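What follows is a short report on a single structure.
Residue numbers (this note's numbering): 15 to 146.
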């Protein structure tokens, strides 16, 4: 129980550190000394209705459609000291049938449940960021 509380506190502290790096009005990261910007993200998307999963790759500023979702990558960053250890993707996800976005924020590859898309049919999570 104590270990679970410690891990939750650690994950929340990490989330707050990355959230402080949210894109400004120009789309630039405000506090980026601990991370490095990358050009693209690899995502996994799941349609829970039919069990279809797809691995999606999109670049910064691009939008891709998965089912009824439009997924836009605003920024993708990795830790400066260990780029393979985690990935932080700032995504905007909109169901094309809704007016408001379903998700707008940072997703963390190491903790997909920490900041997740809330949709009855679809699941989307970040896997990695890269420059290729």
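Note that the Cβ used here is the ideal one computed from N, Cα and C, for glycine as well.
Source: prediction; values computed, not measured.
Contact under 8 Å by Cβ, residue 111 with residue 86: No, they are not a contact pair.
DSSP-derived helix/strand/coil call for residue 76: Coil.
With residue 136 and residue 81 assumed to form a contact (beta carbons below 8 Å), what rounded beta-carbon distance in angstroms separates them? Here residue 136 really is in contact with residue 81; their C-beta atoms are around 6 Å apart, less than 8 Å.
Per DSSP, residue 107 forms a beta bridge with which residues? 85, 117, per the DSSP bridge assignment.
Please classify residue 66 as buried or exposed, where buried requires at least 16 other C-beta atoms within 10 Å of its C-beta. Residue 66 is classed as exposed because its beta carbon has fewer than 16 other beta carbons within 10 Å across all chains shown.
For residue 93 and residue 100, believed in contact at Cβ under 8 Å, the rounded distance: With 8 Å as the limit, residue 100 and residue 93 qualify as a contact, their Cβ atoms being about 6 Å apart.
Excluding five sequence neighbours on each side, which residues of the same chain lie with their C-beta closer than 7 Å to the C-beta of residue 7? The structure shown does not extend to residue 7, since the chain is modelled only from 15 to 146, so the question has no answer here.
Roughly how many angstroms separate the alpha carbons of residue 70 and residue 77, rounded to a whole number? Cα to Cα, the separation comes out at about 11 Å.
Whose CA, out of 140, 109, 108, 62, lies closest to the CA of residue 102? The residue with the shortest Cα to Cα distance from residue 102 is 140.
Could you compute how far the alpha carbon of residue 56 sits from the alpha carbon of residue 72? Roughly 7 Å between the two C-alpha positions.
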